[in-house]
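Chains as they are written, first to last, in the numbering used here: chain F, 45 to 199; chain B, 734 to 992.
Where is the CB? At the ideal position from N, CA and C, for every residue including glycine.
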Amino acid sequence: MQPSPIRDFIVGLFVLAGLGALAYLSIQVGGLSYKGPGGLALVASFDEIGGLAARAPVAISGVKVGQVSRIELDPSLRARVTLDLDASIAVPVDSTASIRTSGLLGDQFIALEPGGEEELLKSGEEIAFTESALSIERLIGKFVNNAGLDTEEKK
Amino acid sequence: MTVSPISTLGLRTLELVGHLGRVAMFLGHVGRVALKRPFRLRRLVNEVFDIGVLSLAIVCLSGATVGAVLGLQGYTTLSRFGAAGSLGAVVGLSLVRELGPVLSALLVTGRAGSAMAAEIASMVTTGQIDGLRMMSIDPVDFVIAPKALAMLLVLPMLSALFVTFGFFGGYVVGVELLGLDGGTYLSSLEGSIDFRDDVAQSIVKSVVFAALVGIIATYRGFHAEPTSAGVSAATTSTVVIASLAVLLFDYVITALWSV
């Protein structure tokens, strides 16, 4: 087959397009990024995590600052959740971690509310104040029960 | 003398084992010459053109069509639950995890794998392979390795293009035709896809499929009967075996990935 500059050029374009598509999928869609060492890993214990799963987002004031890296059961049978935060985030020691739901039936995430202390949490330390997941089923159950009792009392 | 069914079974098993062994030795040979100088870059570029550039139109068009169909089907189902906002996640996850690698591998098997097998088989039939051997040129090095290597390089890229065009097809149907918000579609798509679970799985799949299709097509062509019936048998069995192998390995990789 004869060497053909046009063919080489088209093949080059094709390879560029292919690599571009791979890079788009990995970086933009897949969210691949090099974080490097030095991320802030915090621990929080909850009585009830509801439907929280690994890789759920962690947000401060609704802005995503990290994700849940691990969920396990600690010896006292509470859920021990490890949060992986960006290294640039400064979290005061009296901050609160609560499990919230985005929307009425949406996915669950962890909301961090920063406290007012000067002292900051270091990697590996535990967030003292936590708020467990609100179970909608349990709320509805309570509401129905209470409503039933009320009507009986009125009779 | 009549052959008992049990003997037939034994014969078939021995044949299968023999085939697998020859494929493994062939694979080793291809790998050895592909890593050895000379690298035959000129032939590789030509093969990338034949397999990749010429398959570009069919792969991109199929990708956009599949994405559009997913968008339409997903929208009708999701809007019944009031969850049309997660259309992007449905389109994105099914394309990245399954449809992109599998469908592009099947398309390339039909479009380029069959042509590859037919070309090599007719070289065997017309004595061109023997001619190369007489000039003490290793036909595996000169003919087979560039083709198999080009397949390995090209299929992951074609699969990524398939997926990207699928996103676009889903966007056109979901956002432009059905009136979903563009930002909702894209953020649900990008938010649901993870690199390690989804994109890496997709790339590993298409690399494995590329190796399968490349080695099956070249092996069947190279070991074809030197008759015109042999050429057609090699082409047919390439498409059949490669398609089945792709679907089988797709299941295996999916099952292993979540372990």
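Going by DSSP in three states, residue i sits in which element: helix, strand or coil?
| i | result |
| --- | --- |
| I115 (chain F) | strand |
| E677 (chain B) | An answer regarding residue 677 (chain B) cannot be provided, because it is not within the stretch 734 to 992 covered by chain B. |
| G110 (chain F) | strand |
| A177 (chain F) | coil |
| I853 (chain B) | helix |
| K170 (chain F) | Looking at the sequence itself, residue 170 (chain F) is Glu, so the reference to Lys does not match. Three-state result, E170 (chain F): strand. |
| S89 (chain F) | strand |
| A141 (chain F) | strand |
| L165 (chain F) | coil |
| L96 (chain F) | coil |
| K199 (chain F) | The predicted model places K199 (chain F) with a pLDDT of 49, which falls under 50 and marks its position as unreliable; any figure quoted below should be read in that light. If DSSP states are grouped into helix, strand and coil, K199 (chain F) belongs with coil. |
| P771 (chain B) | coil |
Heavy atom of the ligand PLP less than 6 angstroms from the Cβ of residue i, yes or no?
| i | result |
| --- | --- |
| D874 (chain B) | The ligand content of the structure shown is nil, which means the ligand PLP is not present either. |
Provide the residue span of the beta strand (DSSP E) that contains residue i, from first to last.
| i | result |
| --- | --- |
| D101 (chain F) | The sequence given here places Pro at residue 101 (chain F); Asp does not occur at that position. First-last of the beta strand (DSSP E) with P101 (chain F): 101-104. |
| R124 (chain F) | 123-129 |
On the DSSP letters alone, give me the boundaries of the alpha helix (DSSP H) that residue i sits inside.
| i | result |
| --- | --- |
| L836 (chain B) | 833-841 |
| D52 (chain F) | 49-67 |
| Q152 (chain F) | Run containing Q152 (chain F): none in the alpha helix (DSSP H); it sits in the beta strand (DSSP E), 152-157. |
| D983 (chain B) | 961-990 |
| A957 (chain B) | A957 (chain B) -> no alpha helix (DSSP H), and no H or E assigned at all. |
| Q72 (chain F) | Per DSSP, Q72 (chain F) belongs to no alpha helix (DSSP H) and is neither H nor E. |
| R755 (chain B) | 738-768 |
| S827 (chain B) | 820-827 |
| V799 (chain B) | 789-813 |
| I862 (chain B) | 861-867 |
### Short-range partners of chain B found in the segment 58-78 of chain F, where Cβ spacing is below 8 angstroms
F58, V59, A61, G62, L63, A65, L66, Y68, L69, S70, Q72, V73, G74, G75, L76
### Query
What are the uninterrupted segments assigned as alpha helix (DSSP H) that are 4 or more residues long and contained completely in the segment 882-947 of chain B, given in chain order?
915-925
### Message
Tell me whether the segment 980-988 of chain B and the segment 830-837 of chain B touch, counting them as touching only if at least three CB pairs, one residue from each stretch, are closer than 8 angstroms.
### Response
yes
#### Entry: Short-range partners of chain F found in the segment 919-942 of chain B, where Cβ spacing is below 9 angstroms
L922, E923, G924, I926, D927, F928, R929, D930, D931, V932, A933, S935, I936
### Task
Could you tell me whether the segment 961-970 of chain B touches the segment 849-862 of chain B, where touching means 3 or more Cβ pairs closer than 8 angstroms?
yes
### Query
Within the chosen definition, does the segment 800-810 of chain B reach the segment 747-758 of chain B through at least 3 CB pairs nearer than 8 angstroms?
no
### Task
Please confirm if the segment 112-124 of chain F is in contact with the segment 63-75 of chain F, defined as three or more CB-CB distances below 8 angstroms between the two stretches.
no
### Query
Using Cβ-Cβ distances below 8 angstroms, what residues of the segment 815-841 of chain B are close to chain F?
G825, V829
### Against chain F: residues of the segment 770-798 of chain B by CB proximity under 9 angstroms
R775, R776, V778, N779, V781, F782, G785, V786, L789
### Message
I'd like to know if the segment 945-964 of chain B and the segment 874-893 of chain B are in contact, where contact means that at least 3 CB-CB pairs between them fall below 8 angstroms.
### Response
yes
### Message
I'd like to know if the segment 949-959 of chain B and the segment 924-939 of chain B are in contact, where contact means that at least 3 CB-CB pairs between them fall below 8 angstroms.
### Response
no
### Query
With a cut-off of 8 angstroms, do at least 3 Cβ pairs link the segment 869-877 of chain B to the segment 813-822 of chain B?
no
#### Entry: Cβ pair count under 8 angstroms reaching 3, the segment 888-905 of chain B against the segment 818-827 of chain B
yes
### Task
Note down, in chain order, all residues in the segment 91-108 of chain F with a beta-carbon under 7 angstroms from any beta-carbon belonging to chain B.
R99
### Task
Name, going along the chain, the residues of the segment 883-894 of chain B whose beta-carbon falls closer than 9 angstroms to a beta-carbon of chain F.
L886, V887, P889, M890, L891, S892, A893, L894
#### Entry: Residues of the segment 896-913 of chain B whose Cβ lies closer than 7 angstroms to any Cβ of chain F, in chain order
V896, T897
### Message
So, does the segment 767-782 of chain B touch the segment 47-59 of chain F, judging by three or more C-beta pairs under 8 angstroms?
### Response
yes
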